[in-house]
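Numbering (this note's numbering), first residue to last: 65 to 344.
Beta carbons: idealized from backbone N, C-alpha and C, even for Gly.
Quick caveat, the model's predicted, so the values are computed rather than measured.
Just below is one structure, and these are the notes that go with it.
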């Protein structure tokens with residue numbers, strides 16, 4: 065899908081724009097791309113202009129919602145097809161996303177892009193072929209491209225998440241010149257697609273699956289065996305786990321994952337908010 069290159073609004077941005085108009089200003093400066101770029105708009109009493117296009121002033125907007133131009137309207141960057149999936153603003157600029165109100169990326173202490181950068185650094189992607197099992201908004205892929213990856217195979221099962229990516233300026237575009245043809249993004253279930261990979265065909269793996277209750281097959285021994293099969297000896301894997309259910313049930317998902325990876329042929333240890341493993 066082609067990437068959207070238009071404006072993106074949040075309520076604070078809209079309020080700032082309208083306040084400048086009400087104060088009689090003929091210019092407004094800020095970001096209309098979630099902090100990805102710095103922008104300037106020309107203001108008049110009736111409408112405003114940005115990048116050569118005129119737009120109406122927005123009406124009442126909701127908090128924790130991002131809006132884009134959908135025809136003549138401002139529409140939330142959200143879809144409902146069984147689950148409500150929406151792009152959610154953060155104080156860091158780069159957004160996160162939610163599925164049925166559950167935040168998919170950590171944002172309390174730093175940008176989700178910075179969080180991804182620390183995790184990607186663990187597998188040292190420069191000059192490597194990397195498997196990105198659950199692409200999400202593409203922040204792992206973006207950091208790999210930035211670090212000099214040779215090629216990154218990225219999979220995303222959810223079509224609505226892929227749509228979010230096309231509206232998020234912080235998500236890498238596989239067709240952009242900056243990607244250099246190194247990002248291969250597929251709309252597919254990695255649990256099935258991985259069976260088509262040759263043995264020892266990737267140098268590193270980034271595995272950031274949904275919660276166990278949503279995608280238990282991506283925590284299964286059979287899937288970990290496949291990861292071990294496609295990863296070359298000495299290759300690194302980072303597996304995000306978080307700490308789900310620890311407070312309510314006492315279950316220790318990171319330790320469970322560590323044991324399964326060891327059984328699959330990895331040397332594993334807890335790292336950051338997941339498990340770092342090396343193929344033996």
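Look at the alpha carbon of residue i and the alpha carbon of residue j, and state the distance between them as a whole number of angstroms.
| i | j | result |
| --- | --- | --- |
| residue 200 | residue 209 | 16 Å |
| residue 148 | residue 225 | 11 Å |
| residue 270 | residue 324 | 16 Å |
| residue 181 | residue 295 | 21 Å |
| residue 260 | residue 219 | 13 Å |
| residue 186 | residue 91 | 45 Å |
| residue 116 | residue 317 | 52 Å |
| residue 160 | residue 173 | 13 Å |
| residue 93 | residue 83 | 12 Å |
| residue 183 | residue 305 | 12 Å |
| residue 276 | residue 101 | 36 Å |
| residue 241 | residue 247 | 11 Å |
| residue 118 | residue 99 | 21 Å |
| residue 300 | residue 227 | 30 Å |
| residue 265 | residue 343 | 13 Å |
| residue 164 | residue 307 | 19 Å |
| residue 330 | residue 192 | 19 Å |
| residue 132 | residue 341 | 40 Å |
| residue 112 | residue 85 | 9 Å |
Can you tell me which of the options puts its alpha carbon nearest to the alpha carbon of residue i?
| i | options | result |
| --- | --- | --- |
| residue 140 | 75, 156, 155, 167 | 75 |
| residue 273 | 112, 183, 283, 333 | 283 |
| residue 80 | 69, 121, 66 | 121 |
| residue 188 | 298, 305, 289 | 298 |
| residue 66 | 229, 155, 130 | 229 |
| residue 332 | 292, 314, 315 | 292 |
| residue 167 | 134, 328, 150 | 150 |
| residue 203 | 326, 123, 249 | 249 |
| residue 135 | 238, 258, 68, 314 | 68 |
| residue 326 | 315, 339, 314 | 339 |
| residue 109 | 130, 244, 124, 87 | 87 |
| residue 211 | 190, 238, 198 | 190 |
| residue 198 | 303, 315, 162, 321 | 303 |
Once you ignore the five residues that flank residue i on each side, which residues in its own chain have a CB closer than 8 Å to its CB?
| i | result |
| --- | --- |
| residue 89 | 107 |
| residue 96 | 71, 72, 73, 77, 103, 105, 114 |
What's the call for residue i, buried or exposed, on a 16-neighbour Cβ count within 10 Å?
| i | result |
| --- | --- |
| residue 221 | buried |
| residue 205 | buried |
| residue 251 | exposed |
| residue 267 | buried |
| residue 336 | exposed |
| residue 319 | exposed |
| residue 196 | buried |
| residue 144 | exposed |
| residue 155 | exposed |
| residue 223 | exposed |
| residue 278 | exposed |
Looking only at its own chain, which residues have a Cβ that is under 7 Å from the Cβ of residue i, when we skip the five neighbours before and after it?
| i | result |
| --- | --- |
| residue 255 | 281, 282, 287 |
| residue 128 | 152, 153 |
| residue 289 | 328 |
Near residue i, which residues of its chain fall below 6 Å by C-beta distance, leaving aside the five closest residues on each side in sequence?
| i | result |
| --- | --- |
| residue 158 | 175, 176, 177, 234 |
| residue 170 | 179 |
| residue 194 | 208, 213, 216, 268 |
So for residue i, helix, strand or coil by DSSP?
| i | result |
| --- | --- |
| residue 117 | strand |
| residue 126 | coil |
| residue 258 | helix |
| residue 73 | strand |
| residue 109 | coil |
| residue 209 | helix |
| residue 133 | strand |
Is residue i near the ligand FMN, with its Cβ less than 7 Å from a heavy atom?
| i | result |
| --- | --- |
| residue 146 | In the structure on display, the ligand FMN does not appear, and there are no ligands present to speak of. |
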